[in-house]
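Numbering (mature numbering (1 follows the signal peptide of the UniProt record, and there is no 0)), first residue to last: -22 to -1, 1 to 109. Even glycine gets a Cβ: it sits at the ideal position worked out from N, Cα and C. Worksheet for the structure shown next.
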Amino acid sequence: MKFLSPLALLTLCSVLAAPLMAAEEAPELTGCAAKKQGIINQIELAKSHGNADQQAGLETALSEVTAHCTDASLKKERENKVLDAKHDVSKRQADLDKAMKSGDPDKINKRKDKLAESRKELQDALDELDK
């Protein structure tokens, strides 16, 4: 019984420490390297599920990223996405203001929902900019 307790404790510590050690080994990828790794992960997932069509499409995407992706072009693309999202938020805010002036509760609620969706898309675009 004495032998079992230290063994159980050692096993528990090992299991809890494994994710921490794995996190230290893998540095966070950014830019095109992160994009490539994401596609590679999706290819592995498609292989494991036996989805040959999806795998073929992802391999084509990987070859395109490998051939044409640069960190500068990716950053520019993401900056443009942020600008588009900001424009959409401004437009949705103007639509909401117009609906509030009209006083129609249905229109107001619809415009609020669309504005919230646009703000979420803007936040997603801002998050992508940092990757």
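CB-CB length for residue i against residue j, believed under 8 Å
i, j, result
"L93", "L74", "5 Å"
"L36", "A24", "6 Å"
DSSP-derived helix/strand/coil call for residue i
i, result
"G81", "coil"
"N19", "helix"
Length of the line joining the Cα atoms of residue i and residue j
i, j, result
"A30", "Q15", "19 Å"
"G9", "D49", "5 Å"
"R56", "R97", "16 Å"
"K85", "E95", "15 Å"
"H46", "T38", "12 Å"
"K54", "E106", "12 Å"
"R89", "N58", "24 Å"
Same chain, Cβ closer than 8 Å to residue i, five either side skipped, listed in chain order
i, result
"L100", "V60, A63, K64, D66, V67"
"Q33", "I21, A24, K25"
Close-in-space but distant-in-sequence residues of the same chain around residue i (CB under 7 Å, 5 per side omitted)
i, result
"M78", "I86"
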